Amino acid sequence: MINLFFSRVLRAIKIDVDLYEEVEKDKNATIQAAIVVVLSSLAAGVGALQLGVSNFLLAPALSLIGWYVWSYLVYFVGVKIFKDAKTSADHGELLRTIGFAQAPGLIRVFGVTPDLMIVTFIGSGLWILACMVVAVKSALDYESLLKSLGVVVVAWIFQVIFLFFMLVLSNSF
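Here is the structure:
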């Protein structure tokens, strides 16, 4: 079981399309996807320790909530707004594929040194984006990576608007 998990994480990092198809179908992989999300957020917490310990302590909980919400946003945009003739997905499939797409975030642990923090965080962010596009394409059964990228971008815009309204309503802005 551990070997399967580590194999899947490495394949996710390599952007192995077959891995995303595999975890999309494997309902037992949801817990593994959650573990990837938590490990990725812990790596980010370690990489950002120079900014404060609270980042390390709060990151896993916020990452799990963010993963769930983000998966639902992508589901809504991809299935309800930009549905293809072949599109058939459920929230669980997106949870699994998007969870494994967070695997490149593990390199953020190297951000613990000030010289590497920016490069590891930017690099992992772009890498995660590439994994995310492939993951969404697999989960939503799209033919085009460009359409998948569009869904990711539109879902991100919805998320930004939602966060903006939350800040306004909480008088934090």
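This note's numbering applies: residue 100 is where the sequence shown begins, and numbers increase by one. Note that beta-carbon positions come from the ideal geometry of N, C-alpha and C, so glycine has one too. These numbers come from a predicted model, not from an experiment.
Which one of the options has the shortest CA to CA distance from residue i?
i      : options                           : result
Lys113 : Lys124, Phe199 and Ile260         : Phe199
Met231 : Ile101, Leu118 and Gln149         : Leu118
Trp255 : Ala202, Glu120, Leu157 and Phe175 : Phe175
Thr186 : Phe261, Val250 and Phe264         : Val250
Ala116 : Phe263, Ala234 and Ser247         : It is Val, not Ala, that sits at residue 116 in the sequence shown. Cα-wise, what sits closest to Val116 is Ala234.
Asn127 : Lys182, Leu248, Met100 and Val252 : Met100
On the criterion of 16 or more Cβ atoms from any shown chain inside 10 Å, does residue i qualify as buried, or is it exposed?
i      : result
Glu242 : exposed
Val218 : exposed
Ile206 : buried
Leu172 : buried
Ser269 : exposed
Report yes if the CB atom of residue i is closer than 8 Å to the CB atom of residue j, and no otherwise.
i      : j      : result
Gly204 : Ile227 : yes
Leu239 : Ala188 : yes
Trp166 : Gln258 : no
Arg107 : Gln131 : yes
Gly144 : Phe209 : no
Leu150 : Val211 : no
Gly177 : Thr129 : no
### Query
Is there contact between the stretch 187 to 207 and the stretch 132 to 141, where contact requires at least three CB pairs shorter than 8 Å?
At 8 Å Cβ cutoff, the stretches touch.
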